[in-house]
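Read through the structure below, which is laid out as structure tokens, and then see the notes.
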Amino acid sequence: MIPAAAILLFFLTYPLGLGVWLGLTDTKLGRPGVFIGLENFRSLLDDDVFRLAVFNTMLYTAVACALKLVLGLWLALLLNRNIAFKAAIRAVMLLPFIAPTVLTALVFWWLYDPQFSIISWSLQKVGIIDSYIDFLGNPNAARASLIAANVWRGIPFVAISLLAGLQTIPVTLYEAATLDGASRWKMFRHVTYPLLTPIIAVVMTFSVLFTFTDFQLVYAITRGGPLNATHLMATLSFQRAIAGGQLSEGAAISTLMIPFLLAAILFSFFGLQRRRWQQGGRDE
Amino acid sequence: MGLRWRKPKSVNEGGMGYLETRSARLLTVYLPLGTFLFVLLFPFYWMTVTTFKGKDELYDYSRFNPFWPTHPTLENIKKLFFDTQYPLWLWNTMLVSFISTFVSLSCSVLAAYAIERLRFKGSRYIGMSIFLAYLIPPSILFIPLATLVFKLGIFDTRLALILTYPTFLIPFCTWLLMGYFRTIPFELEECALIDGATRLQILVKIILPLAVPGLISAGIFAFTLSWNEFIYALTFISSSEVKTVPVGVLTELVEGDVYHWGSLMAGALCGSLPVAILYSFFVEHYVAGMTGAVKE
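Residue numbers (the numbering used here), protein chains in the order written: chain A, 1 to 284; chain B, 1 to 296.
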């Protein structure tokens, strides 16, 4: 069994070591690797595109995650009721999550086409809009479109995870609440929500983490455009490092993502702790 | 018959579901649910419809009903499979996904078993760090990995992907399997130990057969993850013959300013179908894997 542990250690330290190694490379320049101290970070701080990317990443993460939580929770609550074809609906609903992100992003690109967007076409037919929507043409519309695509992909994950949590809540609590005359909203606010918070915390940590480090959607739909307006930190680091050849600069951008990552992990850790405490508390 | 709706409908609603009228239920449950399903599934529908549309139909919404291919054609799919290297990309994706899943799974089984059952010093911390490793996203690791891949001389080969995918698959699978092994009773192993079985025999003859559902969950999930992987494949591969489906479709089929939406959608459809089919056979395992990864 010791060889197993060795394999494990090797494969475990491998990516972790790379992460640390990355932290060291950011002080070196590109391929020759000359030590230049904090030069990269200093130039990044004065870089408008980088600052915009940071802003975009924050906005993208905050708005997309909030929407995913609200809509995902709503969907989970709906699925938790007694409905026809529940298993089938649940199975089909997960499709956005399992289909390759880049390929579904392509579909969104096609849906957002300035000339042939079926969304614009339908809305115009119904009479809601006069001219076609320029989904990806101006910065704000492009950001909103990307967030919509991200939310679309993220809802099933949030919903299914929360559904698993909802199913662990004892039915007797709802019966008691109904007898006490609680309305549906009160039941949600005082029974469902408090019991669900630990799972919400964990699910949202994952959601924040994946949204913050998202690359595929933005790369596939806008490539950071129009005029670098929709770059996230991940896509910018790719553009600088691989497309532009400035490995060190890209690595510096990635490194600047790490503090946020740590914050998310700590948050998750405390979420887990609270869950344990709650389970212990329930035994009393 | 007229009283049938008064029966308690669900345990989940605390047996109080019958207090609701049918129309209220329609408005608060089925209407929003229908909207959700429509929005979640429409892109797939649109992808499929576009795939089967001919050139003249594709951009002409006034003469043809855009929501249904009037003259369904296999033109786009034919073009995809005979005029591009799509079949090769499919093969690459399949090969890379299979091998990296297999490698990751076998490493994870040993690792998870060691952490859960051997109880060596610090196994708890290793378990914890596995979880942390699972949280490190590829979009932070791809730059150092790219330089590493270059130094190893495996840049632009399938081997580069086979070796790098386990970096996110192993932590995930190990984490999932650890949770699964924990549910297998200790007593079974103690019996086997008394009967003189070695640790390896226990693992192969007792634990693995019991852990089959967990293995399937982890395997399917890992396979899907590597099938969908994009950033490593984009960074480490540059020749068309070794590209995977997501990268190939995005970098080779999108050319210039004119997008051939028909073949692009055909590429998206054919690239999503394999995982969708696999998923349809193992829905429950998949859901178990997903919720299991979040729960622990």
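Cβ atoms here follow ideal geometry from the backbone N, Cα and C, with glycine treated the same way.
Mind checking whether residue i and residue j have CB atoms under 8 Å apart?
i	j	result
P69/B	E57/B	yes
S117/A	F135/A	yes
F260/A	F238/A	no
I216/B	E189/B	no
S226/B	L169/B	yes
K106/A	A268/B	The sequence given here has Leu at residue 106/A, not Lys. For L106/A and A268/B, yes; Cβs fall inside 8 Å.
W110/A	T50/B	yes
F97/A	F55/A	no
V172/B	A114/B	Sequence inspection shows Phe at residue 172/B; the Val mentioned does not correspond to that position. No; because the gap between Cβ atoms is not below 8 Å, this pair is not in contact.
Y165/B	I220/B	no
V96/B	L193/B	no
Y134/B	W175/B	yes
F142/B	I237/B	no
L79/A	L146/A	no
T73/B	G54/B	yes
T213/A	S129/B	no
L264/B	V249/B	yes
R240/A	G250/A	yes
G165/A	I199/A	yes
G154/A	A88/A	no
P100/A	S272/B	yes
L67/A	V126/A	no
L95/A	L37/B	no
T230/A	P139/A	yes
R182/B	E284/B	no
A112/B	L177/B	yes
A211/B	Y180/B	yes
N76/B	A266/B	yes
With respect to the alpha helix (DSSP H) encompassing residue i, which residues constitute its N-terminal and C-terminal limits?
i	result
I306/B	No answer is possible for residue 306/B: it lies beyond the span of chain B, which begins at 1 and ends at 296.
R189/A	Premise fails: R189/A is in no alpha helix (DSSP H) and is neither H nor E.
D48/A	48-79
I154/B	Taken as a continuous stretch (DSSP letters only), I154/B belongs to no alpha helix (DSSP H), as it is neither H nor E.
A234/A	233-238
Q216/A	216-221
G267/B	261-281
A24/B	22-25
What residues of chain B sit near residue i, judged by a beta carbon separation below 8 Å?
i	result
W185/A	Here the premise fails: no neighbours, minimum Cβ distance about 12 Å.
I83/A	V29, Y30, L33
P156/A	L40
S120/A	Going along chain B, no residue has its Cβ under 8 Å from S120/A, so there is no contact; the nearest lies around 10 Å.
I160/A	V287, M290, T291
I89/A	L33, L37
L44/A	The premise fails here: L44/A is roughly 14 Å from chain B at the closest Cβ pair, so nothing lies under 8 Å.
So with CB distances below 9 Å, who are the chain A contacts of residue i?
i	result
V275/B	I98, A99, P100
G127/B	None at all; the shortest Cβ gap to chain A is about 10 Å.
N228/B	I98, A99, P100, T101, V102, L103, Q216
L41/B	V92, M93, L95, P96
Report the neighbours of residue i on chain A: residues whose CB is nearer than 8 Å to its CB, in chain order.
i	result
T224/B	I98
V261/B	It should be pointed out that residue 261/B corresponds to Trp in this sequence rather than to Val. Residues of chain A passing the Cβ test: W110, D113, F116.
L264/B	L106, W110
G271/B	P100, L103
W86/B	Reading the sequence as shown, one finds Tyr at residue 86/B and not Trp. Going along chain A, no residue has its Cβ under 8 Å from Y86/B, so there is no contact; the nearest lies around 12 Å.
F81/B	Per Cβ cutoff of 8 Å: no residues; F81/B is ~16 Å from chain A at best.
Using a C-beta to C-beta distance shorter than 7 Å, which residues of chain A count as neighbours of residue i?
i	result
W68/B	By Cβ distance, chain A contributes nothing, its closest Cβ being about 12 Å from W68/B, past 7 Å.
Y279/B	I98
Y59/B	F116
P246/B	P100, V102, L103
Of all Cβ atoms in chain D, is any one closer than 8 Å to the Cβ of residue i?
i	result
T213/A	No chain D is present in this structure, whose protein chains are A and B.
Listing by chain order, which chain B residues have their CB less than 9 Å from the CB of residue i?
i	result
M257/A	P137, S139, I140
S254/A	S139, I140, L141, F142, I143, P144
Identify the contact partners of residue i in chain B, using a Cβ-Cβ distance below 7 Å as the criterion.
i	result
G244/A	Result: empty, since nearest Cβ-Cβ is about 12 Å, beyond 7 Å.
**Report entry** Minimum length 4: unbroken alpha helix (DSSP H) runs contained in the stretch 94-178 of chain A
**Finding:** 95-98, 101-111, 118-126, 139-166
Query raised in the report: What are the complete alpha helix (DSSP H) segments, minimum 4 residues, inside the stretch 175-248 of chain B?
Result: 186-194, 199-202, 212-228, 231-236, 245-248
Query - Every unbroken alpha helix (DSSP H) inside the stretch 38-69 of chain B [4 residues or more] - result: Qualifying alpha helix (DSSP H) stretches, in chain order: 55-58.
Report task. Indicate whether the contact test is met: 3 or more Cβ pairs, each with one atom in the stretch 224-241 of chain A and one in the stretch 166-184 of chain A, closer than 8 Å. Result -> Taking a cut-off of 8 Å on C-beta distances, the stretch 224-241 of chain A does not touch the stretch 166-184 of chain A, as fewer than three cross pairs fall below it.
Query - contact_flag[the stretch 24-34 of chain B, the stretch 242-252 of chain B] where n(CB pairs < 8 Å) is 3 or more - result: no
Report task. Note down, one range per segment and in chain order, each alpha helix (DSSP H) of at least 4 residues found wholly within the stretch 102-176 of chain B. Result -> 123-135, 138-152, 158-164
Query raised in the report: With a cut-off of 8 Å, do at least 3 Cβ pairs link the stretch 124-140 of chain A to the stretch 179-190 of chain A?
Result: Between the stretch 124-140 of chain A and the stretch 179-190 of chain A there are fewer than three inter-stretch CB-CB distances shorter than 8 Å, so the stretches are not counted as touching.
Query raised in the report: Can we say the stretch 196-214 of chain A touches the stretch 57-73 of chain A, given the rule of at least three CB pairs closer than 8 Å?
Result: yes
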